[in-house]
Structure formats: structure tokens, C-alpha cells
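Numbering (the numbering used here), first residue to last: 719 to 1018. Heads up, the beta-carbon is just placed ideally off N, CA and C, and yes, glycines get one too.
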């Protein structure tokens, strides 16, 4: 009896800490545009280069502190794993680069849309490449999201390529990570360290124009590693403690915060067609999430 009570309390503490880690991770990603706005005078490629270099440095310090270099060595010695993580680093470079550019150029709402539709894209990719079966609510959700994106494209007379690039680059990134089953900490480090020599060469080639202009900029640029790696580490801790269905609901905190920042802080235009498109995507998310939950409950 006492053992059962203690076990239940441990489970409750693990769940509570898991929820806290998940909220911290997705809230951090949600307000990240505020961080990049502090550095909007720098080109997106320069910020991307600093982000990779600073993230690699932060993860090296973290792995040294927790004595987990064994995961890195084992991953690096596996040609399939090493090659897969190099491809993952290219995908995340596209995702980070487009995201930074979007914030700098006033497309935070497009970034928000990209992360709303990302889970639906991930399910579609899993169906195509992993043979997973779509439930009826998931089919409806993907169709609604596609209708919303199409409506926005018609109104703007151009495809929302920022949203689509963000959704598909991160979707393929997640698909690759699922196939590889790599240790989260080792993979974050390797994904950043693979491209660090290239980004350092780029910064050297660009020269003085990439140098920090003020003391404050030095701290903002150095902090890019912290704001990149910490949420990823928090997410991995959350994934260990709570069911993925819980994370599935909490993950929409990030694009929702981005949406409110885009509308109320950065005052980006939200015309009728675009608003209806967002409503369709929100409906798609609701159908998708609730349908997935009902499906899992039925399996239990």
C-alpha cells in the first residue's frame, strides 16, 4: 500500500515536471521572435551562422558538464547515424534560416502558420514514408489545413512559401530523427557541429560586417546558443516524462504565441481572407488533435 502511494506520487511528480518542461520549451519557441528582433540589423545568414556556432559551443559545454560524450562518440562512429544527422543539420539550417528571415522581414504570422500545420505535415509524411495509416479525423484535418493555405495563397496571389518551407523542413527533420532514433543530446550537438566549420568560414569571409556592433550585441549573439539548445533539451525531458498526446496539445502554445506577437506586437496585416485561412487551420488543428485523442483512447 505504502509502495503504491509512493509510486503514484513519483508518477505525479514526473508528470508535473514533464508538463513544466513542455510548457517552458514551447513558450520559449513562441516568444523567440522577440529575441531575433533585438538583432534585426544583421543579415539572416549572419544570424544563422552565429546560431549554429553558439549552439555547438553551448552543447559542448553541456555534454562536458553531464559527462555524456559517449553518446556523441557512438553516434559519430556509426556511418548511417553520422550521415543521417548531417542531412538533419541541413534541414534544420533551412528551417532556422527561413525562420530568422521571416522574423526580420515581418512575416511572423507566416511563421505561426507554418508551425500550426507542421504536425499535420508530419502525419502526412509518416503515411507516405513509414506506411502509417491516417484516421478519418486526420484526413479531414489535413484537408481543412490545405484549404486554409490555398485560401491565403489566392488572397495574396502567391503561395505562403515561408509557412510551407518551415512546415516541410521541420516535418522532414522530424521524420529523419524518428528513423534514426538518435540520442537527443548527442544529435543536437552533432547537427550543429557539422556545419560550424562552414558557418565560421562564412563569418570570416563576410568580415567586419558580421562583427557585433555593440557590447549588447555580443551578448545577444552569444545567447543564441542558449535560446536554441535549452528549449530542445527541455523538450527531450518532457518527452521522457509525459505521453506524446499531451505534448501534442501543448505544442500549439508556440504558434499561438507567435500569432499574438504578429498581430498585437508587430502589427502585421491580417486581412479577411488571411483570417478565414487561419480559422480553417485552427479548425483543422482541433479536428486533428481531438480525433487523434479519441483514436488513442479507443486503442486503450
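So for residue 761, helix, strand or coil by DSSP?
As a position in the chain shown, residue 761 is number 43, starting the count at 1. In this structure, residue 761 counts as coil in the three-state DSSP scheme.
Item to complete: Spatial neighbours of residue 740 within its chain, please: CB distance less than 6 Å, with the 5 preceding and 5 following residues excluded, ordered by chain position.
Response: The residue you call residue 740 lines up with position 22 of the chain shown. Contacts found: 956, 965 and 968.
* To do: Please classify residue 999: is it buried, with 16 or more other beta-carbons within 10 angstroms of its beta-carbon, or exposed?
  => Residue 999 sits at position 281 when you count from the first residue of the chain shown. It counts as buried.
If we count the other Cβ atoms within 10 Å of its Cβ and call it buried at 16 or more, is residue 797 buried or exposed?
As a working mapping, residue 797 is identified with position 79 in the chain shown. Residue 797 comes out exposed.
Original post:
Which value, in whole angstroms, describes the spacing of the CA atoms of residue 774 and residue 876?
Top reply: Here residue 774 refers to the residue found at position 56 when the chain shown is read from its first residue. Here residue 876 refers to the residue found at position 158 when the chain shown is read from its first residue. Near 36 Å, if we compare the C-alpha coordinates of residue 876 and residue 774.
task: On a CA-only basis, which of 787, 874 and 799 is nearest residue 992? Give me that one, please.
output: The sequence position of residue 992 within the chain shown is 274, counting from 1. Of the candidates 787, 874 and 799, the one whose C-alpha sits nearest the C-alpha of residue 992 is 874.
Check: What three-state label does DSSP hand residue 784 in the structure shown?
Finding: For the purposes of this step, residue 784 is identified with residue 66 of the chain shown, where counting begins at 1. Three-state DSSP puts residue 784 in a helix.
Are at least three pairs of beta-carbons, each pair with one atom in the stretch 896-910 and one in the stretch 806-814, less than 8 Å apart?
yes
Is residue 856 buried or exposed, if buried means 16 or more other CB atoms sit within 10 Å of its CB?
To locate residue 856, count along the chain shown from 1; it is residue 138. Classification of residue 856: buried, given that the 10 Å Cβ count is 16 or more.
Q. Over what stretch of residues does the alpha helix (DSSP H) that includes residue 979 continue unbroken?
A. Counting from one through the chain shown, the residue named residue 979 turns up at place 261. First-last for residue 979: undefined, no H or E at that position.
Q.
Rounded to whole angstroms, what is the Cα-Cα separation between residue 922 and residue 790?
A. In the chain shown, residue 922 corresponds to position 204, counting from 1. In the chain shown, residue 790 corresponds to position 72, counting from 1. Each residue's alpha carbon lies about 28 Å from the other.
Q. Quick one: is residue 982 buried, meaning 16 or more other Cβ sit within 10 Å of its Cβ, or exposed?
A. For the purposes of this step, residue 982 is taken as the residue at position 264 of the chain shown. Exposed: under 16 other Cβ atoms inside 10 Å.
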